[in-house]
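Protein chains in written order, with our numbering: chain A, 1 to 384; chain B, 1001 to 1216.
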């Protein structure tokens, strides 16, 4: 009895010290300053990204701008979504064309790295940290469907993603660590901690913010309270470092994009507000343009993903103006034989020159890349 | 790095405890338990893809201090016929484990009516102090295993030995909560059964008494 009491007391001291270490105030999110307001006048150009990969089905692109203006895109591909042969593919854009795509992570490698059985892979999300290291956050499932998901982090030695430096499993849920997914731009705090807009999907769907330390462990999790099913957040950081998120709606929830704003360094969140933009239960993406306005890639329909457009608004809550048609329900020659068309899972990023890059799933057959100058969007979407 | 070692040890313990229990049932007696123990130990040193820990970790995730205590109990009971957790302490562990689960699980599943107590596990000195108080209570009640459980949770959390940095994950996990629920349900069933038996005996006694009364 005395021994267990001493053991408990020693543990209590260690836990208390650790706890006081960690409860210190969270660092602010690093805001990338936009010193040169560039509004390039590049004509819209669409390029195929994934055609060099032989997989019949592709989905869920993510991308990052590398030093020197190169862009690296990631997506999952395989015989079909959720199949055991799905792997994470990647290719690099050198400013003119896309290089040969290659596998950067497969199920077996992730299973070996996390020392556990993995049944399937899902959404990849890429992040380049302040030291130039690439962090690939990827969803995996060991048991059941997507509600059995967990998130893993893969660190690469270089930006060609040739060799893996480290693999970690994030623990973000107390119930068998199930139900956590990611799909959205990642931010970094000033102390190097990654801020992941993530979401939970099991009994209910809701967004959450995960903070991940350098050692690949979750240091904090904040659930965002929502009514109904609102998930797959796309976050943006305001000039003061505060986060705001656009949310995809789930079944049974008003068919619109929703918006929430945080205060107190992401500790408090506003009530979700339904925007005037329709949403057919599909992913959204957004970016701030150099004039401070918002650009959003959405499927502006309550039922289908057959149109993908860019909308521009001077504020996050609108009003929204049509800025560009990415793909429309009018079938092109190469999709005439499809039963239905789908343009989904947009991923928007600006590069250092102010060109906007949009990646999206084209009919689950290809990942496509649209690049367009900001001037065209600003002139089209309600002017400056 | 240490958290990998602790994770590995906990799943090895799981496999040997389960096999030991299973083979004790199949073969019978402590000999079966020892065979299960040896078999489990051999299986866990196989290459990762063939090791049962590869699958238990995929299925159950990372184990908590409460699971480790339960596994140690099952293992010791199988191998040595020794009850590591006395029944009275079992009640304390089960009630505390279930209460903790009730506090964190609903909010983690998105039930808005419940505050997200799981969030406090990432670095709340208040939570640690409260658990310290619980440890002191167990000490006062003379429950060494329960005190060890709280102490082990503190160690896993305080020295970052658990793969999760959330204190709640060091304290409980779903498998241990299910064992707690099973223990309480079993205890309840036993109580009902014993109560019925007692009532039956009392019934006989009272009938006998009346008969005696009539004859007198």
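We treat Cβ as the ideally placed atom computed from N, Cα and C, and that holds for glycine.
What is the DSSP secondary structure of residue 152(A), reduced to helix, strand or coil?
Strand.
Please check if any C-beta of chain B sits within less than 8 Å of the C-beta of residue 322(A).
False, the Cβ-Cβ gap to chain B never drops below 8 Å.
In whole angstroms, what is the alpha-carbon distance linking residue 1114(B) and residue 1011(B)?
Roughly 32 Å separates the two Cα atoms.
Kindly indicate which three-state DSSP category residue 333(A) falls into: helix, strand or coil?
In the structure shown, residue 333(A) sits in a helix (DSSP, three-state: H, G or I).
Tell me which residue opens and which closes the beta strand (DSSP E) that residue 120(A) is part of.
Residue 120(A) -> beta strand (DSSP E) spans 120-128.
Of the choices 1098(B), 1103(B), 1058(B) and 1024(B), whose alpha-carbon is the least far from that of residue 1179(B)?
Checking every option, the nearest Cα to that of residue 1179(B) belongs to 1098(B).
What residue range does the beta strand (DSSP E) around residue 245(A) cover?
Unbroken beta strand (DSSP E) run through residue 245(A): 243-249.
DSSP on residue 396(A), reduced to helix/strand/coil?
No answer is possible for residue 396(A): the residues shown for chain A start at 1 and end at 384.
For a minimum of 3 consecutive residues, which ranges assigned as the beta strand (DSSP E) are wholly contained in the stretch 243-303 of chain A?
With a minimum length of 3 residues, the continuous beta strand (DSSP E) runs that stay inside the stretch 243-303 of chain A are 243-249, 256-263, 273-278, 285-288 and 294-298.
Sort out for me which residues DSSP pairs residue 62(A) with in a bridge.
For residue 62(A), which the question treats as bridged, DSSP gives the partners 74(A).
Which of helix, strand or coil does DSSP assign to residue 1048(B)?
Helix at residue 1048(B).
Tell me the DSSP bridge mates of residue 164(A)?
Paired residue(s): 156(A).
Tell me, please, whether the CB atom of residue 207(A) is closer than 8 Å to any CB atom in chain B?
No - not a single Cβ of chain B is within 8 Å of the one on residue 207(A).
Using a C-beta to C-beta distance shorter than 8 Å, which residues of chain A count as neighbours of residue 1147(B)?
Ordered by position in chain A, the residues that pass the 8 Å Cβ test against residue 1147(B) are 1, 4, 5, 7 and 8.
Could you check what DSSP says for residue 1155(B) in three-state terms: helix, strand or coil?
If DSSP states are grouped into helix, strand and coil, residue 1155(B) belongs with the helices.
Taking only beta-carbon atoms, is residue 1002(B) less than 8 Å away from chain A?
Not an interface residue.
With DSSP run on the structure shown, which of helix, strand or coil describes residue 199(A)?
Residue 199(A): strand per DSSP, three-state reduction.
Show which residues of chain A have a CB atom less than 8 Å away from the CB atom of residue 1085(B).
By Cβ distance, chain A contributes nothing, its closest Cβ being about 13 Å from residue 1085(B), past 8 Å.
Okay, do the stretch 112-127 of chain A and the stretch 139-146 of chain A touch, 3+ Cβ pairs below 8 Å being the bar?
Contact between the stretch 112-127 of chain A and the stretch 139-146 of chain A is present, because at least three Cβ pairs lie under 8 Å.
Using Cβ-Cβ distances below 8 Å, what residues of the stretch 1023-1049 of chain B are close to chain A?
Result list: 1048 and 1049.
Is the stretch 294-314 of chain A close to the stretch 336-350 of chain A, with three or more CB pairs under 8 Å?
Yes, the stretch 294-314 of chain A is in contact with the stretch 336-350 of chain A.
Per the contact definition of three or more C-beta pairs closer than 8 Å, is the stretch 236-250 of chain A in contact with the stretch 276-287 of chain A?
Contact between the stretch 276-287 of chain A and the stretch 236-250 of chain A is present, because at least three Cβ pairs lie under 8 Å.
Step through the CB atoms of chain A and report whether any lies within less than 8 Å of the CB of residue 1125(B).
Cβ-Cβ to chain A under 8 Å: yes for residue 1125(B).
Can you name the residues of chain A whose CB is closer than 7 Å to the CB of residue 1108(B)?
Correct list: 173, 174 and 175.
If we define contact as Cβ-Cβ less than 8 Å, is residue 44(A) a contact residue for chain B?
Output row for residue 44(A): interface = no.
From residue 1111(B) to residue 204(A), what does the alpha carbon distance come to, in whole angstroms?
Their backbone Cα atoms lie some 8 Å apart in a straight line.
Give every residue of the same chain whose Cβ lies closer than 8 Å to the Cβ of residue 252(A), excluding the five residues on either side of it in the sequence, and list them in chain order.
Excluding residues within five positions, the ones whose Cβ falls inside 8 Å are 228 and 229.
CA-CA distance, residue 1154(B) and residue 67(A)?
For residue 1154(B) and residue 67(A), the distance between alpha carbons rounds to 44 Å.
For a contact meaning CB atoms closer than 9 Å, what does residue 218(A) contact in chain B?
By Cβ distance, chain B contributes 1122, 1164, 1165 and 1166.
If we count the other Cβ atoms within 10 Å of its Cβ and call it buried at 16 or more, is residue 1192(B) buried or exposed?
Exposed.
Could you give the residue range of the alpha helix (DSSP H) that holds residue 9(A)?
Taken as a continuous stretch (DSSP letters only), the alpha helix (DSSP H) holding residue 9(A) covers 2-22.
My output table needs one value for residue 1059(B): the three-state DSSP class, helix, strand or coil.
Three-state result, residue 1059(B): helix.
Return yes when the Cβ of residue 49(A) is within less than 8 Å of the Cβ of residue 367(A), no when it is not.
In this structure, residue 49(A) lies closer than 8 Å to residue 367(A) by Cβ.
With a threshold of 8 Å on Cβ separation, who are the neighbours of residue 353(A) within its own chain once the five nearest residues in sequence on each side are excluded?
Answer for residue 353(A): 38, 40 and 69, listed in chain order.
Restricting to Cα atoms, I'd like to know which of 94(A), 56(A), 11(A) and 19(A) is closest to residue 47(A).
Checking every option, the nearest Cα to that of residue 47(A) belongs to 94(A).
In whole angstroms, give me the CA-to-CA distance for residue 1129(B) and residue 1142(B).
Near 20 Å, if we compare the C-alpha coordinates of residue 1142(B) and residue 1129(B).
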